[in-house]
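Heads up, the thing below is written out as structure tokens.
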Amino acid sequence: MAALLPLVLSASLVVVAVVLSILACTVVAGSNVLPLFSLLLSFITPLPFLFFGRSESTFDDDGEINGFVVFLSGALAVSAPSLSIVLYHTGYSSLGAFLLSLGSQVTLLGAAAFLQSGERQDEEGNYDL
């Protein structure tokens, strides 16, 4: 039962992040859909690792493709919150939509942290299955 706790918390945080992003779209005058693009960027961030696999060795002896995968995932991870900042700066979204969009990004980061801590505890053998 304890093994499900990080998974349930992460799933609930992802749902909260999606709701915050949808609310960010409704706060904007004219119901602008642009704040949803930052949520889309957050969801496609781990895809390079899924397609090409994450190497288990050190970064020094990795090939060019692994370096590119790390670079691409990092660029996607940084572009999601920066898109919210650019939308607010250019006037396409209001302050409320900006804060809701950033709250969505922080919530997704918390979900990833819960999943990572659950994997770490599972590897240590602290769970009784």
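Read in full-length UniProt numbering, the sequence shown has 116 at position 116, and its numbers run on one by one without any break.
We put the beta carbon where it would ideally sit given N, CA and C, even for glycine.
Checklist entry - From LEU108, LEU115, LEU87, pick the residue whose C-alpha is nearest to that of LEU39; which is it? => result Closest in alpha carbon position to LEU39, among LEU108, LEU115, LEU87, is LEU108.
Item to check | Among SER117, ALA112, VAL69, VAL86, nearest to PHE37 - alpha-carbon criterion | outcome: It is VAL86 whose Cα lies nearest to the Cα of PHE37.
Checklist entry - Do SER12 and SER104 have their C-beta atoms within less than 7 Å of each other? => result No.
Item to check | Beta-carbon contacts of PHE49 that lie in its chain and below 8 Å, excluding the five residues immediately before and after | outcome: Leaving aside the five residues that flank PHE49 on each side, the residues in its chain whose CB is nearer than 8 Å to its CB run, in chain order, VAL69, SER73.
Checklist entry - DSSP on ASN32, reduced to helix/strand/coil? => result Of the three classes helix, strand and coil, the one that applies to ASN32 here is coil, per DSSP.
Next on the checklist: Within 10 Å of its beta-carbon, does SER117 have 16 or more other beta-carbons around it, so buried, or fewer, so exposed?
Outcome noted: Around the C-beta of SER117, fewer than 16 other C-beta atoms lie within 10 Å, and the residue is accordingly described as exposed.
Next on the checklist: Quick test of your reading: PHE114 and PRO46, contact by CB under 8 Å. State the CB separation rounded to the nearest angstrom.
Outcome noted: Rounded, the Cβ-Cβ distance is 15 Å, inconsistent with contact.
Checklist entry - Can you give the beta carbon distance from GLY96 to VAL33, rounded, assuming they're within the 8 Å contact cut? => result Approximately 16 Å separates the beta-carbon atoms of GLY96 and VAL33; this is outside 8 Å, ruling out the contact.
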